[in-house]
Amino acid sequence: MTQTTARIKRKGKDFEIIVDLDKSIAFKKGESSEKDFLEVEVIYSDSKKGFKASDKDLEESFGTKDPEEIAIKIIKEGEILLTQDYRDEEKEKKVKQIVDYIVTHAIDPQTGNPHTPERIKNALEQTHINIKNVPVENQIKEIVEKINKLLPIKLETKRIKIVIPAAYTGKAYGLLSTYKEKEKWLNNGDLEVIVSVPAGTQLFSFYDKLNSLTHGSVITEEVKEEE
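Residue numbers 3 to 229, in this note's numbering, belong to the letters of the sequence shown in order.
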């Protein structure tokens, strides 16, 4: 459990509370409805000096003196001070997400094979890329362009035509539905589908699962152009 300060400025006055870091962040993000993030049921004007906010200032700024009601407003509308350990942990999580995404969705265009996680992580470190605290999809293109100067890499999606024998369509349909662009049921009961699958490790995993479900009896063909 890590304590930190959350703060807000209202009507020119500072208000601070002492909270549990993880619980308060979860509440602010809407990931938790629990209101037990408040560590000390006191509203401060300066928590480091131990100065409490006056009842008059609380009433004027929040319309209440209730610590829980005020704390909720501070968390939702104010700022939670993040510790360096928390920032480091969040950055490491984001780096892992980016590495996983690239390994799953990208290939080495020279070999057609995915890069290893270690190779991608080393490339990120060597290129000193600024990892932003935004969704991976919003920054992956820029990251891959920078890595590409050091490591041949290409984000790619393979379009594949697959024919599933009638005996295995029930087992395979769930897997196919995740990637399916279109489908056609053939007269003999076989299922023909066109899927789009990221070309990294996800493609290899897809083939492994498909072959396992159908005992290797599928027919596959890469689609070069729209069909």
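C-beta: ideal position from N, C-alpha, C; glycine also.
Exercise for review: Closer than 6 Å by C-beta to Lys-186: which residues in its own chain qualify, once you throw out the five before and the five after it? Chain order, please.
Suggested key: Reading the sequence shown from its first residue, position 184 is the one you call residue 186. If we look at Lys-186 and ignore the five residues flanking it on each side, its Cβ neighbours are Glu-194.
**Study point:** Given Lys-96 as reference, the closest of Asn-140, Asp-38, Gly-176, Thr-171 once Cα atoms are compared
**Key:** Residue 96 sits at position 94 when you count from the first residue of the sequence shown. For Lys-96, the nearest C-alpha among the options comes from Asn-140.
Review point. In whole angstroms, what is the alpha-carbon distance linking Thr-180 and Ile-122?
Key: Numbered from its first residue, the sequence shown carries residue 180 at position 178. Numbered from its first residue, the sequence shown carries residue 122 at position 120. Each residue's Cα considered, the two are about 26 Å apart.
Check your understanding: Hey, out of Thr-118, Pro-167, Thr-6, whose CA is closest to Arg-89's CA?
Key -> Residue mapping note: residue 89 aligns to position 87 of the sequence shown, counting from 1. Selected option, being the one with the closest Cα: Thr-6.
Check your understanding: Taking the continuous beta strand (DSSP E) assigned at Pro-200, which residues delimit it?
Key -> As a position in the sequence shown, residue 200 is number 198, starting the count at 1. Segment 193-200, the beta strand (DSSP E) holding Pro-200.
Practice item. Output the distance between the C-alpha atoms of Lys-13 and Lys-93, rounded to the nearest integer angstrom. Key: As a working note, residue 13 is residue 11 in the sequence shown. As a working note, residue 93 is residue 91 in the sequence shown. Linking Lys-13 to Lys-93 through their CA atoms gives a straight-line distance of about 35 Å.
Check your understanding: Rounded to whole angstroms, how far is the Cβ of Tyr-170 from the Cβ of Thr-216, which I believe are closer than 8 Å?
Key -> Translated into the one-based positions of the sequence shown, residue 170 becomes position 168. Translated into the one-based positions of the sequence shown, residue 216 becomes position 214. Tyr-170 to Thr-216, Cβ: 4 Å. Contact.
Review point. From Ile-27 to Gly-65, what distance separates their C-alpha atoms?
Key: To locate residue 27, count along the sequence shown from 1; it is residue 25. To locate residue 65, count along the sequence shown from 1; it is residue 63. Straight-line Cα distance between these residues: approximately 24 Å.
Practice item. Hey, could you find the ends of the beta strand (DSSP E) Asp-16 is sitting in? Key: Along the sequence shown, one-based indexing puts residue 16 at 14. 15-22 is the extent of the beta strand (DSSP E) around Asp-16.
Check your understanding: How many angstroms separate the CA atom of Lys-156 from the CA atom of Ile-166?
Key -> Numbered from 1 along the sequence shown, position 154 holds the residue referred to as residue 156. Numbered from 1 along the sequence shown, position 164 holds the residue referred to as residue 166. So the two alpha carbons sit approximately 30 Å from each other.
**Study point:** Segment limits, alpha helix (DSSP H) that includes Val-101
**Key:** Looking up residue 101 in the sequence shown gives position 99. Unbroken alpha helix (DSSP H) run through Val-101: 86-107.
**Study point:** Coarse secondary structure for Val-146, derived from DSSP in three states
**Key:** Here residue 146 refers to the residue found at position 144 of the sequence shown. Helix at Val-146.
Review point. Is Glu-158 near Ala-201, with beta carbons less than 8 Å apart?
Key: Counting from 1 along the sequence shown, the entry for residue 158 is found at position 156. Counting from 1 along the sequence shown, the entry for residue 201 is found at position 199. Result yes, Cβ atoms of Glu-158 and Ala-201 sit closer than 8 Å.
Exercise for review: Measure the C-alpha to C-alpha separation of Ser-35 and Asp-68 and round it to an integer number of angstroms.
Suggested key: As a position in the sequence shown, residue 35 is number 33, starting the count at 1. As a position in the sequence shown, residue 68 is number 66, starting the count at 1. Between Ser-35 and Asp-68, the C-alpha separation is close to 18 Å.
Review point. Anyone know if the C-beta pair for Tyr-46 and Lys-37 falls short of 8 Å?
Key: Numbered from 1 along the sequence shown, position 44 holds the residue referred to as residue 46. Numbered from 1 along the sequence shown, position 35 holds the residue referred to as residue 37. Cβ distance not < 8 Å, so Tyr-46 and Lys-37 don't count as in contact.
**Study point:** For Thr-66, the first and last residue of its enclosing beta strand (DSSP E)
**Key:** Here the question's residue 66 lines up with position 64 in the sequence shown. Taken as a continuous stretch (DSSP letters only), Thr-66 belongs to no beta strand (DSSP E), as it is neither H nor E.
Review point. Going along the chain, which residues of its own chain have a beta-carbon closer than 7 Å to the beta-carbon of Lys-211, five neighbours each way excluded?
Key: Counted from its first residue, the sequence shown places residue 211 at position 209. Exclusion of the five residues before and after Lys-211 leaves Leu-177 as the residues of its chain whose Cβ lies within less than 7 Å of its Cβ.
**Study point:** Sequence-distant residues of the same chain with beta carbon closer than 8 Å to Leu-83, five excluded per side
**Key:** Walking along the sequence shown from the start, residue 83 turns up at place 81. Hits under 8 Å: Thr-6, Thr-7, Ala-8, Arg-9.
Exercise for review: Use the C-beta contact count for Val-136: other C-beta atoms within 10 angstroms, 16 or more gives buried, fewer gives exposed.
Suggested key: Position 134 of the sequence shown holds residue 136. Under this definition Val-136 is an exposed residue.
Check your understanding: Who are the near neighbours of Pro-116 in its chain, counting only those whose CB is closer than 6 Å to its CB and skipping five residues on each side?
Key -> Here residue 116 refers to the residue found at position 114 when the sequence shown is read from its first residue. Hits under 6 Å: Val-105, Ile-109, Gly-202, Thr-203.
Point to revise | Sequence-distant residues of the same chain with beta carbon closer than 6 Å to Ile-221, five excluded per side | key: For the purposes of this step, residue 221 is taken as the residue at position 219 of the sequence shown. Closer than 6 Å at Cβ, skipping near neighbours: Val-165.
Exercise for review: Could you spell out the range, first to last residue, of the alpha helix (DSSP H) harbouring Gln-128?
Suggested key: In the sequence shown, counting from the first residue as 1, residue 128 sits at position 126. Start and end: 119-129.
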